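If you're matching them up, the sequences are chains A and B in order. Using the working numbering, the letters of the first sequence map in sequence onto residues 14 to 214. Using the working numbering, the letters of the second sequence map in sequence onto residues 14 to 214. Have a look at the structure below before the remarks.
2 protein chains.
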Amino acid sequence: MARRPAPGTRDRILRVASGLFQRHGVRAIGLQQVIDETGLGKSLLYREFSSKDELVGAWLRASDAAWWTKVEAELRRHDGDPARQMLAIVELTLEIARSPDFHGCVFYNTASEFRDAEHPGRREARAHLERMRERLRSLARAAGAEAPEELADALMLLMGGVYVSTSVLGPTGPAAAALASARTLIEAHCQAPAGDSRLPR
Amino acid sequence: MARRPAPGTRDRILRVASGLFQRHGVRAIGLQQVIDETGLGKSLLYREFSSKDELVGAWLRASDAAWWTKVEAELRRHDGDPARQMLAIVELTLEIARSPDFHGCVFYNTASEFRDAEHPGRREARAHLERMRERLRSLARAAGAEAPEELADALMLLMGGVYVSTSVLGPTGPAAAALASARTLIEAHCQAPAGDSRLPR
DNA sequence: GTCTATAGTGCGATAGAC
DNA sequence: GTCTATCGCACTATAGAC
Chain A
14 MARRPAPGTR DRILRVASGL FQRHGVRAIG LQQVIDETGL GKSLLYREFS SKDELVGAWL
74 RASDAAWWTK VEAELRRHDG DPARQMLAIV ELTLEIARSP DFHGCVFYNT ASEFRDAEHP
134 GRREARAHLE RMRERLRSLA RAAGAEAPEE LADALMLLMG GVYVSTSVLG PTGPAAAALA
194 SARTLIEAHC QAPAGDSRLP R
Chain B
14 MARRPAPGTR DRILRVASGL FQRHGVRAIG LQQVIDETGL GKSLLYREFS SKDELVGAWL
74 RASDAAWWTK VEAELRRHDG DPARQMLAIV ELTLEIARSP DFHGCVFYNT ASEFRDAEHP
134 GRREARAHLE RMRERLRSLA RAAGAEAPEE LADALMLLMG GVYVSTSVLG PTGPAAAALA
194 SARTLIEAHC QAPAGDSRLP R
């Protein structure tokens, strides 16, 4: 009788590919390495993903989903305080950037490796960043910022800077100034007339 | 007697390689493409650069030199006003990021393509960023910032963010908020007691 | 397994300055 | 004609996509 496909094959490939792509970059990794490390056969990989590009796209979609799970959990801890929620997102990026095997934001990295706008890697990166921008905008509006779009964008720049700077100069590089910078920006945009908009230190 | 070596060969290779590497990334470009586009022979390329890695290093060194030429020219236009000089550097990165064929900061891009700390691409990227950080620190000190290192780092993050964000979302993305953000940060750090530290709009 | 691409080597042919 | 810079091509070895 025919053997049934083992469940979780796709996830296994995705997990292995994710580790290798993050650590070394996509172009530096051959599918052979992915196959070797999964212990699966070549045919199985090509059954799940019709090409390397598609695997890259699927990897970034999974990364995006994992990110939002973390973010929304974090936001729930500061419900009703959108200014604090924006800061929490910055804190989350810092925590990620400080993790032991950090090698840069997978979305920025992958976009930089694939310049063609139609490449799944770039498409997913762009989509992720647009979702981030939109989420920050809604928080900035909720926080009563005078120029919510501008505040959201300022935080996007800050977080992008945290990622790229940390990936080259490490967590003691410029990223060390990120929290203070975020507070300055949020407070400057959200100063209530009463002056009670100070974020916790 | 003998045929003279053609002058400018090295520069020609460097110019062509620079264009291709910037546009497509280093790993996406084969030396054959560089050779084809220069119209030179393979042997000549290998006489000037003993390996692709070395070519990458030389390219980034040249890019670093070109950057500082631009920066110091810009700084001279605001001599004696270090706060304005910091803003001028941010303006310069914005101008570069807005140029028609911008594909991200070559230093961040190359560092993301080569994770090995010993790779010439990564070494030069790191060196470039450290020089930038130091230059900004000296300006922040000269401007009398209360926490000059922190201000310098905040601007580093901002500029890094401008580059990566523009390379994916274009100049109408978050980078549009960069100038306002820079002003907020510089003013917050350099407020003179007399309150006369406002930057020109 | 197949086919393509790539880094890097080496050499004969040729072009051009004297 | 002589001499050398440089081209163009052939070649190896390795790796990658599929």
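For every residue, glycine included, the Cβ atom is placed at its ideal position computed from N, Cα and C. Source: prediction; values computed, not measured.
In the DSSP assignment, G174 (chain A) falls within the alpha helix (DSSP H) that extends over 161-182. Per DSSP, E131 (chain A) lies in no alpha helix (DSSP H) and is assigned neither H nor E. Interface annotation for the segment 177-196 of chain A against chain B: V177, S178, S180, V181, L182, G186, P187, A188, A189, A190, A191, A193, S194, criterion Cβ-Cβ distance under 9 Å. In the DSSP annotation of this structure, the continuous segment of the alpha helix (DSSP H) that includes D49 (chain A) starts and ends at 44-51. The beta carbons of L105 (chain A) and V119 (chain A) sit no closer together than 8 Å. When the beta-carbon positions are compared, P184 (chain B) and R111 (chain B) come within less than 8 Å of each other. Among the CB atoms of chain A, none fall inside 8 Å of the CB of H132 (chain B). At a cut-off of 8 Å, the C-beta of R154 (chain A) has no neighbouring C-beta in chain B. Listed by position along chain A, the residues whose Cβ is nearer than 9 Å to that of G70 (chain B) form an empty set, because the closest Cβ is around 15 Å away. For L105 (chain A), the enclosing alpha helix (DSSP H) begins and ends at 95-110. Annotation for L27 (chain A): the continuous alpha helix (DSSP H) segment containing it runs 22-37. For V175 (chain A), the residues of chain B that pass the 9 Å Cβ criterion are L170, G173, G174, in the order they occur in the chain.
Neighbours of E163 (chain B) across chain A, judged by C-beta separation under 9 Å: A189, A190, A193, S194. Going by beta carbons, G38 (chain B) and R128 (chain A) fall inside the 8 Å limit.
Burial check for A165 (chain A): the Cβ neighbour count within 10 Å reaches 16 or more, so the residue is buried. For the 8 Å CB-CB criterion, L58 (chain B) and V69 (chain B) do not form a contact. The continuous alpha helix (DSSP H) containing A195 (chain A) extends over residues 191-202.
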